[in-house]
Every structure is written in C-alpha cells, then in structure tokens.
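Asker:
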C-alpha cells in the first residue's frame with residue numbers, strides 16, 4: 113500500500129508526504145531529507161527499509177519538493193523545527209501505536225533532527241543520522257556570512273556553492289542535477305538555521321540520551337565529516353554508535369556499494385529492537 117498525499121499545516125502551508133507501511137513491521141520510521149532535494153529521491157531506499165521491517169513516513173520539508181514555500185527559503189526562523197514537531201505528532205494518525213518510533217535524518221535533515229533531539233526526545237525512541245550537516249564546509253567565513261546576512265536580509269536567496277558530487281555513481285549525480293524538483297537555492301535565514309542546528313547538537317551532546325546511529329561519509333564534499341567525528345566523541349558509545357565510511361561521498365545510501373551501510377543499519381536495529 114502506498115499513500116502519497118498532502119497535509120495542511122495549522123500555519124496554512126501544504127506538506128507533501130508519503131506513507132509506506134509494510135507487513136510485520138517492528139518499528140515506525142520518519143524520514144527527513146536534505147537540502148535542495150525531496151522524498152522522491154528515496155524511492156529506491158524504501159524496499160530496503162521494508163526488508164528491515166520498518167513502516168516509513170517521509171515528507172518534503174518547507175520550500176522543498178512538492179511542499180509549499182519559496183524554494184530554499186523559510187517564512188520564520190524555526191519553520192523546519194515547527195514542521196518536524198507537527199509531523200512527529202501527526203504521524204500518530206498513521207503509525208501503529210504499539211511500535212517504537214525512529215527518526216532518520218540525512219544531511220540538512222540530520223541537522224534538523226539533531227536540533228530537535230537537543231531540545232527534546234519526546235515521542236521518539238531512537239534516531240539515525242546520515243551524513244548530518246553538523247559542520248558545513250566553508251569555515252568561519254561562511255558562518256559569518258550566514259549570520260550577518262540573516263540579520264540584514266534574512267529572506268535573500270542565493271545559489272549555494274555546494275558540490276553536486278554526492279556519490280561515486282555518475283548516474284546518481286546526474287539524476288540530482290536533472291531533477292526538476294531539486295534546487296540549489298538557500299536563504300540567509302536557512303543558512304543561519306543550519307549552523308545553529310549544529311551548534312545546538314554539540315552543546316547538548318554531553319546529555320545525549322536517545323539511542324542513536326550515526327553513519328557518515330569520510331570523503332564528503334557537502335558537509336565536513338569532522339562535525340560528525342566530534343559529535344560522536346562527546347557521547348557514550350552505549351548511547352551513540354558511529355561508523356565512518358572513509359572513501360564514501362555524501363550520500364552513503366546511494367553509493368556504489370551500499371551493502372556495508374545497510375549491514376550497519378540492520379545490526380543496530382537488531383540491537384535496539386531485537387530480531388523477532
């Protein structure tokens with residue numbers, strides 16, 4: 113059964129979502145995508161998640177995919193936070209209540225998820241972070257520009273300079289480039305928000321308590337893997353399990369050899385959910 117529809121957020125904008133349950137599920141998964149992309153790019157991942165016995169709910173974030181909003185923009189500083197919080201609560205209309213709820217965030221989505229968990233773990237049982245944007249490339253200059261422009265012109269939208277080299281597979285990079293629902297736009301407000309998410313996650317790392325799997329690329333052209341390395345070092349391995357795929361590019365689930373990535377995911381799921 114596949115259900116692709118729209119919800120109307122109480123603030124008035126429409127959120128596009130996909131609800132993809134599977135038989136004999138052992139957990140519910142909320143998937144949060146990265147910057148400039150949309151949930152349609154994860155269609156080939158869903159069968160793998162189903163093999164792992166996960167119901168999957170995914171949604172296009174504000175200003176992305178088929179969801180309302182200026183491409184790359186935010187209508188308020190905490191828009192992505194508010195939408196995620198609403199989705200977590202709204203998912204109860206779809207998810208079997210007896211199953212644990214896991215949240216999965218990739219890239220910017222990983223930063224959004226980490227930011228939420230830094231403030232609250234309510235309604236969630238575990239988390240998966242895939243190449244999270246905890247430390248964007250560009251250093252202090254990019255940070256200064258993001259925060260400075262967010263004060264002067266928060267809604268100014270520019271074309272970001274992030275690499276489109278997300279995988280060693282040329283077909284993945286080409287599909288990303290040609291996808292009409294993908295874009296390279298970012299507002300000053302969104303840029304500041306991404307940096308702030310990383311700051312909040314690092315600040316909360318000493319008190320991190322939710323079981324977390326951190327999978328990240330060691331040869332990442334979009335986010336600095338040092339952000340994930342630092343984050344993992346601050347949290348007990350009893351709480352957070354981290355694995356770096358040293359020669360992989362940003363989209364570790366869309367690389368040439370995804371077997372070790374899914375094996376790491378499967379082993380972790382078995383450790384927190386059991387195999388039965």
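Residue numbers (this note's numbering): 113 to 388. Backbone N, C-alpha and C define an ideal beta-carbon position, used for all residues, glycine too.
(1) Considering just the uninterrupted stretch of the beta strand (DSSP E) at residue 140, what are its terminal residues?
(2) To the nearest angstrom, how far is it from the Cα of residue 232 to the Cα of residue 200?
(3) By how many angstroms is the C-alpha of residue 358 removed from the C-alpha of residue 312?
(4) Under 7 Å between the Cβ atoms of residue 343 and residue 246?
(5) Only counting the same chain, and skipping five residues up and downstream in sequence, which positions put a Cβ closer than 8 Å to that of residue 202?
(6) Roughly how many whole angstroms lie between the Cα atoms of residue 370 and residue 289?
(7) How do the stretch 345 to 363 and the stretch 251 to 263 stand: do at least 3 beta-carbon pairs fall below 8 Å, yes or no?
(8) Using alpha carbons as the reference points, say which of 194, 381 and 346 lies closest to residue 314.
(9) Decide if residue 258 is buried, meaning its Cβ has at least 16 other Cβ atoms within 10 Å, or exposed.
(10) Taking the alpha-carbon positions, what's the residue 255 to residue 386 distance?
(11) How would you call residue 163, buried or exposed, if buried means at least 16 neighbouring beta carbons within 10 angstroms?
(12) For residue 299 versus residue 367, is the C-beta spacing smaller than 7 Å?
(13) Please list, in chain order, all residues of the same chain as residue 151 whose beta carbon is under 8 Å from its beta carbon, the five residues on each side excluded.
(14) Could you check how far apart the C-beta atoms of residue 267 and residue 301 are, in whole angstroms? I think they sit under 8 Å.
(15) Taking the alpha helix (DSSP H) that residue 394 falls in, what are its first and last residues?
(16) Since residue 243 and residue 219 are thought to touch, with beta carbons under 8 Å apart, how far apart are those beta carbons, to the nearest angstrom?
(17) Spatial neighbours of residue 325 within its chain, please: C-beta separation below 6 Å, excluding the five flanking residues on both sides.
(18) Can you tell me whether residue 182 is buried or exposed? The criterion is at least 16 other CB atoms within 10 Å of its CB, across all chains shown.
(19) What is the DSSP secondary structure of residue 149, reduced to helix, strand or coil?
(20) Count the other C-beta atoms from every protein chain shown that fall within 10 angstroms of the C-beta of residue 318, then say buried if there are 16 or more, exposed otherwise.
(21) Helix, strand or coil: how does DSSP classify residue 269 here?
(22) Nearest-angstrom Cα distance between residue 175 and residue 136?
(23) Which residues does DSSP list as the beta-bridge partners of residue 431?
(24) Starting from the Cα of residue 141, find the closest Cα among 204, 148 and 215 and give me that residue.
(25) With residue 298 as the anchor, note down where its alpha helix (DSSP H) starts and where it stops.
Answerer: Taking the coordinates as given:
(1) Position 28 of the chain shown holds residue 140. Its beta strand (DSSP E) spans residues 139 to 144.
(2) Counting from 1 along the chain shown, the entry for residue 232 is found at position 120. Counting from 1 along the chain shown, the entry for residue 200 is found at position 88. If you take the alpha carbons of residue 232 and residue 200, they lie about 12 Å apart.
(3) Position 200 of the chain shown, counted from the first residue, corresponds to residue 312. Position 246 of the chain shown, counted from the first residue, corresponds to residue 358. Taking the straight line joining both Cα atoms gives about 26 Å.
(4) Counted from its first residue, the chain shown places residue 343 at position 231. Counted from its first residue, the chain shown places residue 246 at position 134. Against a cut-off of 7 Å, the Cβ pair of residue 246 and residue 343 comes out as a contact.
(5) Working through the chain shown from its first residue, we reach residue 202 at position 90. Cβ neighbours of residue 202 beyond the five flanking positions: 119.
(6) By one-based count along the chain shown, residue 370 stands at place 258. By one-based count along the chain shown, residue 289 stands at place 177. Their backbone Cα atoms lie some 21 Å apart in a straight line.
(7) no
(8) Here the question's residue 314 lines up with position 202 in the chain shown. Nearest C-alpha to residue 314: 346.
(9) Sequence index remark: in the chain shown, residue 258 carries index 146 (1-based). Result: buried.
(10) If you number the chain shown from 1, residue 255 lands on position 143. If you number the chain shown from 1, residue 386 lands on position 274. Near 42 Å, if we compare the C-alpha coordinates of residue 386 and residue 255.
(11) As a working mapping, residue 163 is identified with position 51 in the chain shown. Residue 163 is exposed by the Cβ-count criterion.
(12) Position 187 of the chain shown, counting from 1, holds the residue named residue 299. Position 255 of the chain shown, counting from 1, holds the residue named residue 367. Not closer than 7 Å, so no.
(13) Start at 1 with the first residue of the chain shown, and residue 151 comes out as number 39. Cβ neighbours of residue 151 beyond the five flanking positions: 128, 129, 130, 143, 145, 170, 171, 172 and 177.
(14) The sequence position of residue 267 within the chain shown is 155, counting from 1. The sequence position of residue 301 within the chain shown is 189, counting from 1. Indeed they touch by this definition, with Cβ atoms about 7 Å apart.
(15) Summary: the structure shown does not reach residue 394, with the chain confined to residues 113 through 388, and so no result is reported for it.
(16) As a first step, residue 243 is located in the chain shown; it is residue number 131 there, counting from the start. As a first step, residue 219 is located in the chain shown; it is residue number 107 there, counting from the start. Confirmed, Cβ separation roughly 6 Å.
(17) Taking the chain shown and counting its residues from 1, one reaches residue 325 at position 213. Closer than 6 Å at Cβ, skipping near neighbours: 240, 353 and 380.
(18) Mapped onto the chain shown, residue 182 falls at position 70. The residue in question, residue 182, is exposed, as its Cβ has fewer than 16 Cβ neighbours within 10 Å.
(19) On the chain shown, residue 149 is found 37 positions in, with the first residue counted as 1. In the structure shown, residue 149 sits in coil (DSSP, three-state: anything other than H, G, I, E or B).
(20) Looking up residue 318 in the chain shown gives position 206. When all chains shown are included, residue 318 counts as exposed.
(21) In the chain shown, counting from the first residue as 1, residue 269 sits at position 157. Residue 269: strand per DSSP, three-state reduction.
(22) As a first step, residue 175 is located in the chain shown; it is residue number 63 there, counting from the start. As a first step, residue 136 is located in the chain shown; it is residue number 24 there, counting from the start. The straight-line gap from Cα to Cα measures roughly 34 Å.
(23) Nothing about residue 431 can be read from this structure; the chain reaches only from 113 to 388.
(24) Here residue 141 is taken as the residue at index 29 of the chain shown, counted from 1. Considering only alpha carbons, the answer is 215.
(25) By 1-based counting over the chain shown, the position of residue 298 is 186. Not the alpha helix (DSSP H): residue 298 falls in the beta strand (DSSP E), residues 297 to 299.
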